[in-house]
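> So the sequence lines, in the order shown, correspond to chains A and B. End of the first sequence sits at 198 in our numbering; the numbers just go up one at a time, nothing left out. End of the second sequence sits at 1198 in our numbering; the numbers just go up one at a time, nothing left out. Virtual Cβ for every residue (Gly too), placed ideally from N, Cα, C. Handing you this structure, nothing more for now.
There are 2 protein chains.
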Amino acid sequence: MSAGGSPRAFERIGSETVYSGALIDVRIERYRHRDGAEESREVVRHQGAVGILAYDEQELWLVRQPREAVGEPDLLEIPAGRLDVAGEEPLQAAQRELAEEIGRGGARWEPILSYYSSAGFCDERVHLFAATELHAASAQSGENERIEIVRWPLVKLDEAIAQCLDAKTLIALMWLARRLNGSLHPQGGSAAEAKLER
Amino acid sequence: MSAGGSPRAFERIGSETVYSGALIDVRIERYRHRDGAEESREVVRHQGAVGILAYDEQELWLVRQPREAVGEPDLLEIPAGRLDVAGEEPLQAAQRELAEEIGRGGARWEPILSYYSSAGFCDERVHLFAATELHAASAQSGENERIEIVRWPLVKLDEAIAQCLDAKTLIALMWLARRLNGSLHPQGGSAAEAKLER
């Protein structure tokens, strides 16, 4: 936690786990603000996730899958997954998920940005990457039988954005539209890029 | 839940509340897929939220606030809030929140889009609106003493996007950048717009 110089700085002074589940925990946490006030919050703890914007000259690689939690049989998304392997870095998780979900690898990987899904009550942070110079790759996964791979023409990118209901996918696709329009400024002002030959 | 014609359609056949909290519930839900397979999922139930992109010719109205759940003392966001008043429509909630958080009303309100924050495990849906033709408004709120109002020059919109870590704000600001660039296509192909004189 950043103490910072902000008048809005706070410190966590207590935490009680009230639910411990398979994917998430819920904690009642207590904070003390710089002005001395104390308050409690109900917080969902999540390990974080990755999303991959995989594209080449002509196409964007998307998936359609059932999302039971939100009652959607056919949500259009970028490939993604949880940071659920101990010690795995976000980039490694992204490379693993891309192979598992769509059977692709990328020779070039670039961090796009990372964000909090719902900062008011949940600590999930999603790390987005762009993967390009794609090639066939394979990986074992027992959980993807209901995922349909969708090769979406880049010239119809605006239509994908218009029908998208998924936060990580909206962010990734709008980022891509900005890049293709040439109006992109990287997060934090840095232009970190990783060239990987695999 | 939509049954649909998709091979990915499913039905919910069971739901057990395993945690019932102030803001969220957690349920273990059981689903049966069209292929007959059954599976259980841990699902966070949330009432949903609204976010407001309030801007005029020169400025965008943002807030900085502490987000204890993610350890950030100073997260840059659009005004937002939960759908926590019974029977309140998203547009009403957005109008209430804008007045409470930044003391502004808007003569013109327009739905931008809505999205799921993290569709794999949480049903939170966020409804984004654009508010323009702004004027002073006031509303009572006891919970906003640590919110700083930030009037951000529209000409520096790209800088706000570059430093933003919050999903709803990223989506709203990138949508605004598209609108200002003239490359916007509305969600679902419709151009619904509400002109409100208040």
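For SER1118/B, count the other beta carbons within 10 Å of its own beta carbon; 16 or more makes it buried, fewer makes it exposed. Which is it?
Here residue 1118/B corresponds to residue number 118 of the second sequence, with the count starting at 1. SER1118/B comes out buried.
> If you measure from the beta carbon of TYR19/A to each beta carbon in chain B, is any gap under 8 Å?
The residue given as residue 19/A occupies position 19 in the first sequence. Interface residue, yes.
> Which runs of the alpha helix (DSSP H), 4 residues or longer, sit entirely within the region 45 to 126 of chain A?
Here the runs fully enclosed are 90 to 102.
> Within this structure, are the beta carbons of ALA1107/B and GLU1133/B separated by less than 8 Å?
As a working note, residue 1107/B is residue 107 in the second sequence. As a working note, residue 1133/B is residue 133 in the second sequence. Yes, the pair counts as a contact, with Cβ atoms nearer than the cut-off.
> Would you mind sorting ASP983/B into buried or exposed? The rule is 16 or more other CB atoms within 10 Å of its CB.
This structure gives no information on residue 983/B, because the portion of chain B shown stretches from 1001 to 1198.
> Just the C-alpha distance for LEU176/A and LYS1168/B, rounded to the nearest angstrom, thanks.
For the purposes of this step, residue 176/A is identified with residue 176 of the first sequence, where counting begins at 1. For the purposes of this step, residue 1168/B is identified with residue 168 of the second sequence, where counting begins at 1. Using only the alpha carbons, I get a separation of about 17 Å.
> From the DSSP output, read off the bridge partner residues of SER40/A.
As a position in the first sequence, residue 40/A is number 40, starting the count at 1. Paired residues: ARG30/A.
> Could you tell me if GLN1092/B is buried or exposed, where buried requires 16 or more neighbouring beta carbons within 10 angstroms of its beta carbon?
Position 92 of the second sequence holds residue 1092/B. By the neighbour-count rule (16 or more Cβ atoms within 10 Å), GLN1092/B is not buried but exposed.
> Would LEU1023/B pass as an interface residue toward chain A - the criterion being a Cβ-Cβ separation below 8 Å?
Position 23 of the second sequence holds residue 1023/B. Chain A, which has a Cβ nearer than 8 Å to the Cβ of LEU1023/B, makes this yes.
> Determine, using beta carbons only, whether VAL1018/B and PHE1121/B come nearer to each other than 8 Å.
One-based indexing of the second sequence puts residue 1018/B at position 18. One-based indexing of the second sequence puts residue 1121/B at position 121. No, these two residues do not count as a Cβ contact at 8 Å.
> Flag GLY106/A as yes if its beta-carbon sits less than 8 Å from any beta-carbon of chain B, otherwise no.
On the first sequence, position 106 is the one that residue 106/A refers to. No, no contact with chain B.
> Using the C-alpha atoms, what's the distance from PRO1079/B back to ARG1125/B?
Within the second sequence, the letter at position 125 stands for residue 1125/B. Within the second sequence, the letter at position 79 stands for residue 1079/B. Each residue's alpha carbon lies about 16 Å from the other.
> Leaving aside the five residues before and after PRO1007/B along the sequence, list all residues of the same chain whose C-beta is less than 8 Å from its C-beta, in chain order.
If you number the second sequence from 1, residue 1007/B lands on position 7. The residues are ARG1034, ASP1035.
> Whether or not the region 64 to 79 of chain A and the region 9 to 28 of chain A are in contact is what I'm after, with contact meaning three or more pairs of Cβ atoms, one per stretch, closer than 8 Å; do they touch?
Taking 8 Å as the limit for Cβ pairs, the verdict is that the region 64 to 79 of chain A does not touch the region 9 to 28 of chain A.
> Does the CB of ASP1123/B have a neighbour CB from chain A at under 8 Å?
As a first step, residue 1123/B is located in the second sequence; it is residue number 123 there, counting from the start. Yes, ASP1123/B lies at the interface with chain A (some Cβ there is under 8 Å from its Cβ).
> Would you kindly check if the distance between the Cβ of VAL1063/B and the Cβ of ILE1102/B is under 8 Å?
As a working note, residue 1102/B is residue 102 in the second sequence. As a working note, residue 1063/B is residue 63 in the second sequence. Against a cut-off of 8 Å, the Cβ pair of VAL1063/B and ILE1102/B comes out as a contact.
> When you check each C-beta in the region 76 to 100 of chain A against every C-beta of chain B, which residues fall closer than 7 Å?
Those would be none; no residue qualifies.
> Return helix, strand or coil for LEU1023/B, following the three-state DSSP convention.
For the purposes of this step, residue 1023/B is taken as residue 23 along the second sequence, with counting starting at 1. Looking at LEU1023/B - three-state DSSP - the assignment turns out to be coil, as it is neither helix nor strand.
> What does a CB cutoff of less than 7 Å around PRO1153/B pick up in its chain, not counting 5 residues either side in sequence?
Counted from its first residue, the second sequence places residue 1153/B at position 153. Hits under 7 Å: GLN1058, GLU1059.
> With C-beta atoms as the reference, is ALA1131/B less than 8 Å away from ILE1112/B?
Sequence index remark: in the second sequence, residue 1131/B carries index 131 (1-based). Sequence index remark: in the second sequence, residue 1112/B carries index 112 (1-based). No; because the gap between Cβ atoms is not below 8 Å, this pair is not in contact.
> Quick one, which of TRP61/A, ALA136/A, ASP123/A has its alpha-carbon nearest GLN47/A's?
Position 47 of the first sequence, counted from the first residue, corresponds to residue 47/A. If we check each option's Cα against that of GLN47/A, ASP123/A comes out closest.
> Looking only at C-alpha atoms, which of GLU11/A, GLU159/A, VAL50/A sits nearest to GLU38/A?
Looking up residue 38/A in the first sequence gives position 38. Nearest of GLU11/A, GLU159/A, VAL50/A to GLU38/A, Cα basis: GLU11/A.
> Whole angstroms are fine: how far does the CA of GLU145/A sit from the CA of ARG45/A?
Along the first sequence, one-based indexing puts residue 45/A at 45. Along the first sequence, one-based indexing puts residue 145/A at 145. The straight-line gap from Cα to Cα measures roughly 28 Å.
> Only counting the same chain, and skipping five residues up and downstream in sequence, which positions put a Cβ closer than 8 Å to that of GLU72/A?
Position 72 of the first sequence holds residue 72/A. So the list reads PRO66, LEU165, once near-sequence residues are dropped.
> Using a C-beta cutoff of 8 Å, does PHE10/A count as contacting chain B?
Taking the first residue of the first sequence as position 1, residue 10/A is located at position 10. It does; some Cβ of chain B falls within 8 Å.
> Kindly indicate which residue of ILE1161/B, LEU1098/B, LEU1128/B, ALA1049/B has the alpha-carbon position closest to the one of ASP1110/B.
For this step, residue 1110/B is matched to residue 110 along the second sequence. Here residue 1110/B is Glu; the residue named in the question, Asp, does not match the sequence. The shortest Cα separation from GLU1110/B among ILE1161/B, LEU1098/B, LEU1128/B, ALA1049/B belongs to LEU1128/B.
> Does the beta-carbon of GLU159/A have 16 or more other beta-carbons within 10 angstroms, so that it is buried, or is it exposed?
As a working mapping, residue 159/A is identified with position 159 in the first sequence. Exposed: under 16 other Cβ atoms inside 10 Å.
> Comparing alpha-carbon positions, which option in LEU1023/B, GLY1182/B, ARG1041/B, TYR1031/B lies nearest ARG41/A?
On the first sequence, residue 41/A is found 41 positions in, with the first residue counted as 1. That would be LEU1023/B, whose Cα lies nearest to the Cα of ARG41/A.
> Identify, in the order they occur along the chain, each residue of the same chain with its Cβ nearer than 6 Å to the Cβ of TYR1116/B, setting aside the five sequence neighbours on each side.
Within the second sequence, numbered from 1, the residue matching residue 1116/B stands at position 116. ARG1125.
> I'd like to know whether the C-beta atoms of ARG151/A and TRP61/A end up nearer to each other than 8 Å.
In the first sequence, counting from the first residue as 1, residue 151/A sits at position 151. In the first sequence, counting from the first residue as 1, residue 61/A sits at position 61. In contact: ARG151/A and TRP61/A (Cβ atoms closer than 8 Å).
> Answer with buried or exposed for GLU1077/B, where buried requires no fewer than 16 other C-beta atoms within 10 angstroms of its C-beta.
Reading the second sequence from its first residue, position 77 is the one you call residue 1077/B. GLU1077/B should be labelled buried.
> Express the C-alpha separation of ILE147/A and PRO55/A in angstroms, rounding to a whole number.
By one-based count along the first sequence, residue 55/A stands at place 55. By one-based count along the first sequence, residue 147/A stands at place 147. Checking the sequence shown, residue 55/A turns out to be Tyr, not Pro. Cα to Cα, the separation comes out at about 18 Å.
> By the 10 Å Cβ neighbour count, where 16 or more other Cβ atoms means buried, how is GLU97/A classified, buried or exposed?
Position 97 of the first sequence, counted from the first residue, corresponds to residue 97/A. Classification for GLU97/A: buried.
> So what does LEU1134/B bridge to, in DSSP terms?
Within the second sequence, residue 1134/B is the residue found at index 134, counting from 1. LEU1134/B pairs with GLY1106/B.
> Return the chain-ordered list of same chain residues with a C-beta closer than 7 Å to the C-beta of ALA1192/B, the five sequence neighbours on each side being excluded.
On the second sequence, residue 1192/B is found 192 positions in, with the first residue counted as 1. Any reading at ALA1192/B must be qualified, since the residue scores a pLDDT of 38, below 50, and its modelled position is unreliable; no value is offered.
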